[in-house]
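Here's the structure we're looking at; comments come further down.
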Amino acid sequence: MTDQPAIELVGIDKKFGAVHANKDINLTVAKGSIHGIIGENGAGKSTLMSIIYGFYQADSGEIRVNGQPITIRDSQAAIAAGIGMVHQHFMLVDNFTVLENVMLGAEGGALLARGVASARAELKRLETEYGLEVNPDALIEQLPVGLQQRVEILKAMYRGAEILILDEPTGVLTPAEADHLFRILGVLRDEGKTVVLITHKLREIMAITDTVSVMRRGEMVATRKTSETTVEELAELMVGRRVLLRVQKGEAKPADVLLSVRNLTVKDNRGVTMVDNVSFDVRAGEIVGIAGVAGNGQSELLEAIAGIRKPASGEILLDGQPIDKADPARLRELGLAHIPEDRHHMGLVLKFEEYENSVLGYHHRPEYSRGPLLDLEAIRKDAMEKIEKYDIRPPNPRLKTANFSGGNQQKIVVAREIERDPKMLIIGQPTRGVDIGAIEFIHRRIIEMRDAGKAILLVSVELDEIRALSDRILVMFAGHMVGEKTPDAGEQTLGLMMAGIAA
Amino acid sequence: MSTASVTLPRWINYGLIPLLNLVVAFLISGFVVWLIGESPLAALSLLIEGAFGSGEGIGFTLYYATSFIFTGLSVAVAIHAGLFNIGSEGQAYIGGLGCALVALSLDKYVPWYVTMPIAVIGAGLFGAAWAFIPAFLQAKRGSHIVITTIMFNYIAAALMVYLLVHVLIVPGKMAPETRTFLEGGQLPKLGWIMSLFGAKLGAAPFNVSFIIALFAAWFVWVLVWRSKLGFDMRTLGISPTAADYAGTPRARIIIIAMLLSGALAGMMALNPVMGSSARLQVEFVGGAGFVGIAVSLMGRNHPLGIVFAAILFGVLYQGGDWISFEMPNITREMILVIQGLVILFAGALEYMFRPAMVLIYQQFKRA
Amino acid sequence: MEYYEIFINVLSSTIRLSIPLIFTALAGLFSERAGIFDIGLEGKMLGSAFAAACVAYLTGSAWAGLGAGVVCSVALSLVHGFASITNRGNQIISGVAINFFIAGITIVLGQAWFGQGGRTPQLAPEARFAPIILPGADAIRDIPILGPLYANVISGNNILTYLAFLAVPFSWWVLYRTRFGLRLRAVGENPGAVDTAGISVSWLRYRAVMCAGILCGFSGTYLAIAQSAAFIKDMSAGKGYIALAALVFAKWKPVPVMFACLLFGFLDALANFMQGKAVPLIGEVPVQVFQALPYILTCVLLAGFIGVAIPPKAGGVPYVKER
Amino acid sequence: ADIKPALVYGTGGKFDKSFNEAAFNGAEKFKKETGIAYRDFEPTGDTQGEQAIRNFASRGFNPVVAVSFAWTSAVEKVAAEFPDTKFIIVDSVVDKPNVRSVLYKEEEGSYLVGILAGMASKTGKVGFVGGMDIPLIRKFECGYEQGARAAKANIEVFQNMTGTTGAAWNDPVRGGELTKNQIDQGADVVYAAAGATGLGVLQTAADNKKLSIGVDSNQNHLHPGSVLTSMVKRVDLAVYNAYNDTKNDKFTAGVQSLGVKEDGVAAAMDDNNKPLITPEMQAAVDKAKADIIAGTIKVHDYTTDNACPK
Ligand SMILES: Nc1ncnc2c1ncn2[C@@H]1O[C@H](COP(=O)(O)OP(=O)(O)OP(=O)(O)O)[C@@H](O)[C@H]1O
Ligand SMILES: Nc1ncnc2c1ncn2[C@@H]1O[C@H](COP(=O)(O)OP(=O)(O)OP(=O)(O)O)[C@@H](O)[C@H]1O
Ligand SMILES: [Mg+2]
Ligand SMILES: [Mg+2]
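Residue numbers (the numbering used here), protein chains in the order written: chain A, 121 to 623; chain B, 2 to 368; chain C, 999 to 1321; chain D, 50 to 359.
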């Protein structure tokens, strides 16, 4: 075999309307290597990979596979070229079996009957060869995320991928599961296959990649041999300036209990128990962080406390009075503010103008209304004040919210919830999809709130964020609180707890 | 690159693009006319002549427009709450019952200006009541409101005929209709408005309900863009999850929105029942409820746009009658054809020309 | 009249009235399982009925009529596809538009061509699908129980009736046993999965709506040239919507769809049968009650008092990759 | 006087082989005889009649004939607006000095065909399928029932109405289903008074080798050998007379009701149904006719008390 690079990108450029997601990208991935790509959220990593996989079309630029320039019009072409991809957001049919998902698009014949047999055989082979075991007849919706991801990998392998792209595969995995994944990737590399691994967790990069490329704001800013670089250098490249990986904060002065959760059980829409008999307190003047891998019940817990999801049993007390029956509107009255995990679908109405979102949920308040009508002057004035105070750009309350960038969108939500000066603040993924500048800003605001004697409950899948902000850390696994730790607890111990291996 | 997230100036979004859609709809209609073997241009000039040729023509145009304003608003209010109410037809039909009952019981005793407000309420209440069950089923049971409202159109038809044939009919009369209302149950015509422009209204039943319609349009504007309820409705309509987060009571908003929608549809009955025929007749709605869908979409669900779109359809109806009279080959259902095409191009295909627009627009900006 | 006879009569009437529903509901099944809602079934049915009647009248051949019906309905499906797949328009609005357009155009053309108030001329027997008397039907007619059942219910229907009942297992087979079916079900649940598997979402959905078109063509044809002998304006009379309700009620599954449609057909038959008869306990009931009955029941069923149905996940949502 | 006659049909179309076609024939007859052209209009929806009538009047057409009760209120209004124009309304009464209202004693005609049905029926069961459920149609049904009884005292009469909206005049599918129902229940003669819906009735009767009775126009030719007779309602007379009288300045306002006596209604006899009509039947019909004219038989009119004697 020639040692042509597996993938070569020349001048790839991609715009999404106003957003310049990829700017003239050049990249070379050597055959038989694990190539890491890091970058802030929104840097353009997924976009770039989706272009290689033929999911998006580049506006301009050339793709070469094994030295051959090829045009990848759709994923079919990519698959034909031996490229497989595990997407950041899984591309599985929930009510299909593993087998059906694997076969989809590679059924081998107009009738299913024949394909099924061979597919089973092939799955067996892959299982034994790479230790990718999963029951072929299980329904996807009944599999834990870890296994779902495995199905995605199987899909790629089944199609005989020589080049495997994984887009932030570890976001949904415990450290232990991640390590298992990395072992598999190692095997693949030794088989001569090429792996492209996207993540923004530096630790993982250092752990298994041979080469690493850094993206920032849609540009490819650097490529390094992993052995010749350091975490600090990468972090700096990623962000464009020195980063203080820790936020300064003084000692917490916890006062009396504000929020207390008692034997809370919450089910999701499918009726599956996601939060199982959980109890904890949050005191005024402290930040309680809930660590855990995505999908272990944190979302449901937040929604239950915020009054969006009715608990199955148990009780929630705010200032001693039960609130598990109250709806979000009522809770705001009681001084409980909520920064939701998903700003695009919950925190904001993207089609609204900025000023409308700046009062979403509070628009019934007397100061914003005259009788049954809205008091637009008051609202716009108020919105403008927040825009200045939080440096939201562009400073235009009449602009459609969708046209603000993620970080600025997040600032709109944060401003709205914090400026109401609540007693209790519950926060989900405060900095997801937000650039570092905004991250620091938002972190500082949160600390200020604490020092102002507010009670704060913080949920984040970013362990670093949890450790940076929290005064106490609760670890959640499979709907249970598996334990409490102080921020100085080691990543190792927390990681084990997140994996359900009690500490 | 995708043009979807490029923002265009208002005059293109709300002016040029709807206009383009409309033009295409008309071109195809013209083709149909040609297919029948008549001259599209002749038809067009007849359309104009019929609709604007005389004070009477204009009167009829505005008379039809009045009904369409009501039904258009009815559809729009529901759409803003994310509901597609195809039941305006039936709600208007039942609204007619409410309006007629008021007229029948009061016309002997009081003058029209006393009857009217009560009739407005009666019609509104009955229309709202008819919208309630589908609303409730949607809110509490999640049953598809599009289908339920259609079903309720059929049920309304059966109910009304039963009442007209067996209860409200004047004994010994053939036609299933109520007795003619007396003065006190008839809405005065707006001849004076016409005479301001030196035109004569003639027999056209253009009446005061037109003014009520304009008032309703203003009311809807305030409701949707200036009131807290409207804010809740729009939040729910655009993003139900955001509504949950904001603590907007979904079920209640859905029901309120549908009640308002039904009430507006019901008030439409004033125009034909008290304003024109002065009696309740079988099938008096005559499809106005469905026209409301086209009107609302044409008008981008905005009251002002709806008023204009309603007048446009008034022109189609009046002019259409003229055409079908002069060109016996072209029946009045031609309007349904145009209606369908307008809904298709202004509604389902509203973005067909957008990418092109964006590119052209960007060319201009460069230059 | 003797009860078993009544039963037989209502049953045969039920079947006659269910056929258009079955074809139409199956049409909706293909479309909605692929994630394309189709309120336009009503219009497709009406349009194909008109096309079938015209062509059958002109050519004097029922089969030519069927062909025309199918072509017309497929063409309409493509319009719906163009609006909702290619242009990502609102599927419900597109369907409603088609319904209006057809409701008008059929009358306009019909009146212009035949001058019978939007009707098409009566068809000669050979231009219609005549009842097929199965072998031995008359022979065993007088055997108690089985005789009437075979002679009046099983035998004596037209070819389309038998096709409708064949279409049910066939649809099941296509959906669950073929590659096309697998992909079709997938695209209705998660188009992304189909797309990343290298399959064109648009083309797949276009094929799905075309299947819908073909089936609707059959139902329309049945209305015009099998069940009756001409096209009559608005002859679909809301059957398209009722078929949709049946589809929801049947939770988007072929065999249950058939039973749901038979149920609605039965109601209609009962409505006709009960007219002018005294209902036990209640006594004489106004005609209108029976005429409204199917519509009322539709709502009752949709209210999901028989268990709520979950539509295909991606249903009604246009597939958008780039915001 | 020279006149400009106009004609507005009922919904259902000019060539409905029934009601409207009869009116059309009347106008044609007048045209043939006098050479005076006329203008006609086919509304396809209930909302159109009024404007059509007004358009004719305002264009100086005179007289204007509106066939169908559906245009009652329309004529009422327009007649007031154009006092010098003469209007003729069929099947309904409008009390205005310039309006002639032409009514038909459908009960009498229906009585005659009822007798034929009663005599032709072997099962002792006959059927009636009406269009829209309105008093007018009940009137047909009632007369039919009385006639059938007169022929066979213990006869059973099934009756169905097709629908509750204007669509009921235009729904042969349902008409056919209802007919099939009645046939399944044993009816072997079915009388259709349902406009175009009737076509479905006659079709189904023919398909099932049973007898049917047409209405308004002579429909015997539609399915020879299956259509027993037709209750012809001479709408053509109303139109023809209206034009003629106006032409000869003999127009009279007020109510004209045409029954058996005036030849306004009759049971159609021609070569198409000759084989089906036995001499006894013929005799019975002729006798009934005579009795009605003589007044010895009084056929009850449903619309007088909205009830039918059982
Ligand atoms: N389908 C889309 N339509 C419009 N804009 C998009 C789309 N996908 C991504 N973008 C924008 O393109 C930019 C790059 O997004 P992308 O998902 O590639 O970043 P990323 O590096 O993968 O971020 P993350 O680490 O959060 O996955 C962002 O600004 C995002 O908002
Ligand atoms: N849901 C959305 N709909 C439309 N456009 C969006 C959406 N989300 C993001 N965008 C577009 O993507 C652009 C960048 O969004 P993104 O979330 O990537 O922020 P970013 O690039 O990370 O910038 P920031 O540093 O503020 O986070 C926004 O300016 C916006 O125009
Ligand atoms: Mg990404
Ligand atoms: Mg971002």
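For every residue, glycine included, the Cβ atom is placed at its ideal position computed from N, Cα and C.
Whether residue i touches residue j by CB criterion (9 Å)
i: Leu243 of chain A; j: Leu274 of chain A; result: yes
i: Arg1181 of chain C; j: Ile1157 of chain C; result: no
i: Gly293 of chain B; j: Gly96 of chain B; result: no
i: Ala1235 of chain C; j: Ala241 of chain D; result: no
i: Gly308 of chain D; j: Tyr153 of chain D; result: yes
i: Ala202 of chain D; j: Gly163 of chain D; result: no
i: Ala1227 of chain C; j: Gly263 of chain D; result: no
i: Ile625 of chain A; j: Val554 of chain A; result: Lying outside 121 to 623, the shown extent of chain A, residue 625 of chain A is not represented and no answer is given.
i: Pro206 of chain B; j: Asn272 of chain B; result: yes
Coarse secondary structure for residue i, derived from DSSP in three states
i: Met2 of chain B; result: Confidence at Met2 of chain B is low in this model, with a pLDDT of 46, below 50, so its placement is unreliable and the value that follows should be read with caution. Reduced to three states, the DSSP call for Met2 of chain B is coil.
i: Asn1097 of chain C; result: helix
i: His483 of chain A; result: coil
i: Asn86 of chain B; result: coil
i: Lys96 of chain A; result: With chain A covering only 121 through 623, there is no way to say anything about residue 96 of chain A.
i: Met466 of chain A; result: helix
i: Gln188 of chain A; result: strand
i: Leu438 of chain A; result: strand
i: Lys605 of chain A; result: strand
i: Pro54 of chain D; result: coil
i: Ile132 of chain A; result: strand
Cβ separation of residue i and residue j, assumed to be a contact under 8 Å, to the nearest whole Å
i: Leu1074 of chain C; j: Ile1096 of chain C; result: 6 Å
i: Val206 of chain D; j: Trp120 of chain D; result: Contact flag wrong, Cβ pair sits at about 31 Å.
i: Gly603 of chain A; j: Met335 of chain A; result: That pair is no contact at about 37 Å.
i: Ala372 of chain A; j: Asp591 of chain A; result: 4 Å
i: Val316 of chain B; j: Ala52 of chain B; result: 4 Å
i: Phe434 of chain A; j: Asn477 of chain A; result: The question names Phe, but residue 434 of chain A in the sequence shown is Gly. Gly434 of chain A to Asn477 of chain A, Cβ: 32 Å. No contact.
i: Gly88 of chain B; j: Leu126 of chain B; result: 16 Å between Cβ atoms; not a contact.
i: Ala214 of chain B; j: Ile70 of chain B; result: 4 Å
i: Phe1021 of chain C; j: Ala1162 of chain C; result: 6 Å
Partners in chain C for residue i, counting only beta-carbon separations shorter than 8 Å
i: Phe291 of chain B; result: Phe1098
i: Leu248 of chain D; result: Gln1120, Ala1227, Ala1228
Amino acids of chain C, ordered along the chain, whose beta-carbon sits closer than 9 Å to that of residue i
i: Gln196 of chain A; result: Ala1195, Gly1196, Ile1197, Ser1198
Closer than 9 Å at the beta carbon, the chain D residues around residue i
i: Tyr1 of chain B; result: With chain B covering only 2 through 368, there is no way to say anything about residue 1 of chain B.
Partners in chain A for residue i, counting only beta-carbon separations shorter than 8 Å
i: Asn1085 of chain C; result: None at all; the shortest Cβ gap to chain A is about 18 Å.
Residues that residue i contacts on chain D, provided the C-beta gap is smaller than 8 Å
i: Ala158 of chain B; result: Thr213, Thr214
Within chain C, the residues that residue i reaches when beta carbons sit closer than 7 Å
i: Met596 of chain A; result: The contacting residues do not exist; Met596 of chain A stays about 28 Å from chain C at best.
Within the chosen definition, does the stretch 302 to 316 of chain D reach the stretch 70 to 83 of chain D through at least 3 CB pairs nearer than 8 Å? no
I want to know whether the stretch 1106 to 1117 of chain C touches the stretch 58 to 66 of chain D - three or more CB-CB distances under 8 Å. yes
Evaluate contact between the stretch 177 to 189 of chain D and the stretch 146 to 164 of chain D, counting only Cβ atoms and requiring at least three cross-stretch pairs below 8 Å. yes
Could you check whether the stretch 1239 to 1259 of chain C touches the stretch 145 to 156 of chain B, counting it as contact only if at least three pairs of C-beta atoms, one from each stretch, sit closer than 8 Å? yes
Spell out a yes or no on whether the stretch 203 to 217 of chain B and the stretch 54 to 69 of chain B are touching, meaning 3 or more CB-CB pairs, one atom from each, closer than 8 Å. yes
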